[in-house]
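J.: Next up is a structure, given as structure tokens.
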Amino acid sequence: MNQSENPAPEADQTPVETPDADPVTAETATAETATAETATAETATADDDSRLFPRVTAYRFRRGTMRPGQQRNWDEHWPTYGQNVSDTVVDPVELFGRTAPLVVEIGSGTGTSTAAMAAVEPDLDVIAVEVYQPGLAQLLGMILRSELTNVRMIRGDGVDVLTNMIAPASLTGVRVFFPDPWPKARHHKRRLLQPGTFGLIASRLKPGGVLHVATDHADYAEWIDETGDAEPMLERLDATTDVGHVPFSLERPVTKFEGKGLDEERVINEFLWRRKS
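Residues 1 to 277, numbered by the numbering used here, are exactly what the sequence shown covers, in order.
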């Protein structure tokens, strides 16, 4: 689960302190865990694909509080714009009703960046992935108010979604904005951007597709820098000189979460990698 904009610590999503363990699998978030108020997302042991991208995660998912209007929108419009994580590979043409470049945003939080960027790129289709229901409800409200036709949502863990729902070499881009840094050394195994995850993301990008990552956590930035550069399917791009090689906009609004970091004089680190041909 990502921190983008975002749920922890403000949102009702609490990391669970668990004994350290060797990383064995990616987290599996099923439809049942996504909707149960106190269900715990545990590591899977039976899925061969999940074992390819090891990451130890432990979250206690709680439904959180939605305002009455958000609940009405959810009940009426979620089946149209959203779905829970599953083992069914997404058909973008069926999902959006057209053929267009496809971007997955992992950890869309409350959807501020998602909606703003989708509004200025109507020719781009976006799948927002998030576990936090009230955040998705906020994004759903923005989709309805702005009449955005190019955004869909999946509720679940980003690695699980990429592994089971996104076809290889199908994405124009992947966005990961402000993932949870898990700052304690013993928790680094829970970070989203592990070597295996970079490999998974690269495998889902088309040749020439781009991964865009942003973080304001200095130690995580060093981790991301080294780990991303070590992935053989990716080549590094410069956000200033190579912008012409990025097939989507890099401009994003300053969210509440990012604004707090800037107020605290934290440096925002932006990373770009392109899938090699």
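All residues carry an ideal CB built from backbone N, CA and C; glycine is no exception.
1. Kindly indicate if chain D contains any beta-carbon less than 7 Å away from that of Q194.
2. What does the Cβ neighbour count give for Q71, buried or exposed, with the cut at 16 atoms within 10 Å?
3. Using a 10 Å radius around the Cβ and a threshold of 16 neighbouring Cβ atoms, would you call D216 buried or exposed?
4. With a threshold of 7 Å on Cβ separation, who are the neighbours of P122 within its own chain once the five nearest residues in sequence on each side are excluded?
5. Contact check, L234 vs L250 under 8 Å by CB: the rounded distance?
6. Is it buried or exposed, A115, if we count other Cβ atoms within 10 angstroms and call 16 or more buried?
7. Going along the chain, which residues of its own chain have a beta-carbon closer than 7 Å to the beta-carbon of A221, five neighbours each way excluded?
8. Quick one: give me the first and last residue of the beta strand (DSSP E) that E235 is part of.
9. Considering just the uninterrupted stretch of the beta strand (DSSP E) at N150, what are its terminal residues?
10. In three-state terms, what does DSSP make of T43?
11. Please name the residue in A202, V126 and M66 whose C-alpha comes closest to that of A230.
12. Considering E226, what are the terminal residues of the alpha helix (DSSP H) in which it resides?
13. Contact defined as beta carbons within less than 8 Å: I believe T112 pairs with T255. What is the distance between those atoms, to the nearest angstrom?
14. Specify, as a first and last residue, the run of the alpha helix (DSSP H) that Q194 falls within.
T.: This is what the structure gives:
1. Chain labels in this structure do not include chain D; a single protein chain is all it has.
2. exposed
3. buried
4. N150
5. Their Cβ separation, rounded to whole angstroms, is 17 Å, which puts L234 and L250 out of contact at 8 Å.
6. buried
7. T215 and N269
8. L234 to L237
9. That residue, N150, is in no beta strand (DSSP E); it is neither H nor E in DSSP.
10. Residue confidence for T43 is low, a pLDDT of 32 falling below 50, so the modelled location carries little weight; the figure read from the coordinates is stated next. Strand at T43.
11. A202
12. A218 to D229
13. 5 Å
14. Element bounds for Q194: n/a, residue is neither H nor E.
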